[in-house]
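A.B. asks:
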Amino acid sequence: MQEAVVITGASSGIGEAAAYKFASEGFDLLLIGRSSEKLEKVKAQAQSRNINVKIETLAMDLKNFDSVKLQNSLSKISKPTILVNNAGVYTQNKPDDATLDVWKEMFEVNLFGSVKITQALWPIFKANKRGSIVNVASTTAVKPTPNTSAYSASKAAMVNWTICLAQEGGEFNIRANAVCPGIVETPLHGFYNAPASAKDKIHSGITDLQLLKKIGRPEYIAESIFFIGSEQSTWTTGAVHNIDGGINIK
Ligand SMILES: NC(=O)c1ccc[n+]([C@@H]2O[C@H](COP(=O)([O-])OP(=O)(O)OC[C@H]3O[C@@H](n4cnc5c(N)ncnc54)[C@H](OP(=O)(O)O)[C@@H]3O)[C@@H](O)[C@H]2O)c1
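Numbering (our numbering), first residue to last: 16 to 265.
Take a look at the structure:
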């Protein structure tokens, strides 16, 4: 059976890398992000890895979720069996400048955006008696760092919600798991666009934080998302996977 995966935040970083991995493995794709221009570039790259899969893009701000647009896009690809809730935003704020607006933004995108799309796909998974949800959380969900309270709390809520989903989905053969990336080099971080001269110093600071002494690459997370989301992990649900170079136990 031809299967499809829905990936949010597919226009950049980890979601982009996941799109390439799933395309290479023969999955149809629905790629969701805000920027249609970036999504089209990812689509072209993914298609070049596998001309036999169907790829749809949907430019949608998850804060203004539109279920009609989603269903329209889904109608153009195979039945979705996997959802990767990856779209996310991140800011660092000191406790006294983490305004309520900052907290709302973190929860609106990182948590509620994922909840909305999961609720839209749940009836499809349930009817097919098959579904797999991979929530991209963060190591900060388990071990927060200073000045990330709103972000870390949104990701902690995501991990907790993942376990509920696993409990609720088991009887319908719907799996739900979380991956918790460590520090991955993507545009999410301010240092991503730092000049090469500054980057060496930043990189060595980050690698010192890891047991494995190397900075995270989006591909490392994409491989884990694929493994956990696909039937390779058919007996895994409610699990929280640190994919982090060992930062969380250092
Ligand atoms: N990089 C890390 O070190 C790290 C560590 C732990 C967890 N994570 C998590 O990994 C996930 C992916 O992050 P990344 O590092 O790959 O960051 P990224 O390169 O900045 O990508 C973020 C993605 O989320 C999308 N997005 C943001 N706000 C959105 C909204 N309101 N509606 C729809 N899409 C939205 C972006 O779309 P546009 O580009 O179209 O705006 C983009 O595709 C996030 O959930 C992040 O919290 C990352």
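Glycine is no exception: its CB is placed at the ideal position from the N, C-alpha and C atoms.
As the structure is a prediction and not an experimental result, all values here were calculated from the model.
1. With distance defined between alpha-carbon atoms, name the residue in Ala165, Val199, Val255, Ala193 nearest to threonine 114.
2. With DSSP collapsed to three states, give me the class of isoleucine 221.
3. Going along the chain, which residues of its own chain have a beta-carbon closer than 6 Å to the beta-carbon of glutamine 17, five neighbours each way excluded?
4. In whole angstroms, give me the CA-to-CA distance for threonine 251 and serine 212.
5. By the DSSP assignment, the alpha helix (DSSP H) with alanine 33 in it spans what residues?
6. Can you tell me which of the three DSSP states proline 159 falls into?
7. If I follow the unbroken beta strand (DSSP E) through threonine 184, where does it start and stop?
8. What number of angstroms, rounded off, separates the C-alpha of threonine 133 from the C-alpha of valine 57?
9. In this structure, does DSSP put valine 68 in helix, strand or coil?
10. For leucine 226, which residues from the same chain have a beta carbon less than 8 Å from its beta carbon, with the 5 sequence-adjacent residues on both sides left out?
11. Under 8 Å, do alanine 34 and valine 68 count as touching if we go by C-beta distance?
12. Looking at the unbroken alpha helix (DSSP H) that takes in glycine 244, where does it start and where does it end?
13. If you run the structure through DSSP and keep just helix, strand and coil, what is glycine 260?
14. Taking the straight line between their C-alpha atoms, what separation do you get for asparagine 162 and glycine 103?
15. Per DSSP, glycine 48 is paired with what?
C.D. replies: This is what the structure holds:
1. Ala165
2. helix
3. Ser93
4. 43 Å
5. Looking at the DSSP string, the run of the alpha helix (DSSP H) that includes alanine 33 is 28-39.
6. Of the three classes helix, strand and coil, the one that applies to proline 159 here is coil, per DSSP.
7. Residue identity differs from the one stated: residue 184 is glycine in this sequence, not threonine. Glycine 184 -> not in any beta strand (DSSP E); alpha helix (DSSP H) instead, spanning 164-184.
8. 23 Å
9. coil
10. Correct list, in chain order: Gly260, Gly261, Ile262, Ile264, Lys265.
11. no
12. 233-244
13. coil
14. Cα to Cα, asparagine 162 sits roughly 17 Å from glycine 103.
15. Answer is Ala74, bridged to glycine 48.
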